[in-house]
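Enquirer:
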Amino acid sequence: MTKAGLFLTFEGIDGSGKSSQARMLAEHLRGLGYDVVLTREPGGSAGAEEIRSLVLEGDPDRWSAETEILLFTAARRDHLERTIRPALAEGKVVICDRFADSTRMYQGLSRGDLRGLVDQLHDLMIGREPDMTVLIDMDPETGLSRAKGRQGTEERFEDFGLDLQQQMRAGFLALADEYSDRFRVVDGNRDMDSVAQDVTDIVLQALR
Ligand code: TYD
2 MTKAGLFLTF EGIDGSGKSS QARMLAEHLR GLGYDVVLTR EPGGSAGAEE
52 IRSLVLEGDP DRWSAETEIL LFTAARRDHL ERTIRPALAE GKVVICDRFA
102 DSTRMYQGLS RGDLRGLVDQ LHDLMIGREP DMTVLIDMDP ETGLSRAKGR
152 QGTEERFEDF GLDLQQQMRA GFLALADEYS DRFRVVDGNR DMDSVAQDVT
202 DIVLQALR
């Protein structure tokens, strides 16, 4: 087991199955004796979970694009301070469902080109990238129908529709190229167990 801990994130469009994959990986690693913290964004600490409802519920135009970036970044800062950093310092494996790459995509692309602002704020306030990011790549139409099938109240981004999903998918693939040292792309258009097998192989290789 690594002493310094390992910080793993899952990314992908809505309905890509990344949350299930993160959960399955956490269970698998725990079964092998690893000390695992499974967490998510926005959220993952008490304060950040409160911000989560502010950014994911209500009118899609509730916040300006800039305010929204600040809220997601504030939630991340709290999550990093209270959950992620302490766990890594204890040598744990932290598995996080979404992280800064989601802000680079959703807030950086969906309401105009704000990627520069997202990155500036990230450098100023977060300054930490994951050790490894697993991108579950998924056909946008399938992803959207899965996400809409869940019928929750947290649907601000899913409501933007297929165009946004397509833009996000292409954006995530471009991001995987940009940060090719830490990204691993897994084909999510298969049954869950096959996807999970690939994810496990990739992560165990990194842990060894
Ligand atoms: P998530 O919890 O992954 O949704 P689900 O479990 O339903 O797939 O993410 C919720 C939404 O938050 C998702 O539509 C993407 C959005 N989001 C951002 O816009 N920016 C961010 O920085 C993060 C972390 C999430």
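If you read the sequence shown in our numbering, its first letter stands for residue 2, the second for the next number, and so on. Backbone N, C-alpha and C define an ideal beta-carbon position, used for all residues, glycine too.
(1) According to DSSP, is Asp194 part of a helix, a strand, or is it coil?
(2) Tell me which same chain residues have a C-beta within less than 7 Å of the C-beta of Lys19, skipping the five on either side of it?
(3) For the candidate residues Glu58, Gly128 and Ser21, whose alpha-carbon lies nearest to that of Arg86?
(4) Let me know the secondary structure DSSP gives Asp178 once reduced to three states.
(5) Lys93: which of Gly109, Gly6 and Gly189 sits nearest, CA to CA?
(6) Taking Cβ positions, are Thr40 and Thr84 nearer each other than 8 Å?
(7) At which residues does the beta strand (DSSP E) containing Asp281 begin and terminate?
(8) If you count every other CB in all the chains shown that lies within 10 Å of the CB of Gln206, and 16 or more means buried, which is it?
(9) Roughly how many angstroms separate the alpha carbons of His80 and Asn190, rounded to a whole number?
(10) Cutting at 7 Å between CB atoms, please list the residues of its own chain near Arg112, excluding the five before and the five after it.
(11) How far does the alpha helix (DSSP H) with Leu118 in it reach, from first residue to last?
(12) Are there any heavy atoms of the ligand TYD lying less than 7 Å away from the beta-carbon of Leu57, as far as the coordinates show?
(13) Excluding the five sequence neighbours on either side, which residues of its own chain have a C-beta within less than 6 Å of the C-beta of Asp202, listed in chain order?
(14) Just to confirm before moving on: does the CB-CB distance between Ser30 and Val135 stay below 8 Å?
(15) Kindly indicate which three-state DSSP category Ile85 falls into: helix, strand or coil?
(16) CB-CB under 7 Å to Glu155, same chain, minus the five flanking residues each way: which ones, in chain order?
(17) Three or more beta-carbon pairs under 8 Å between the stretch 115 to 134 and the stretch 43 to 51, yes or no?
(18) Between the Cα of Ala177 and the Cα atoms of Arg78, Met133 and Asp36, which residue gives the shortest distance?
(19) When you measure from the CB of Asp15 to every non-hydrogen atom of the ligand TYD, does any distance come out below 7 Å?
(20) Do you know how far the Cα of Ala49 is from the Cα of Pro61?
Expert: So, to answer that:
(1) helix
(2) Phe11, Glu12, Gly13, Asp98 and Ile137
(3) Gly128
(4) helix
(5) Gly6
(6) yes
(7) The chain is shown only over 2 to 209; residue 281 falls outside these bounds and no answer can be derived.
(8) exposed
(9) 31 Å
(10) Ala66
(11) Arg116 to Met126
(12) yes
(13) none
(14) First, the residue type needs correcting, since residue 30 is Leu and not Ser in the sequence shown. Their beta carbons are not under 8 Å apart, which means Leu30 does not touch Val135 by this criterion.
(15) helix
(16) Leu57 and Glu58
(17) no
(18) Met133
(19) yes
(20) 19 Å
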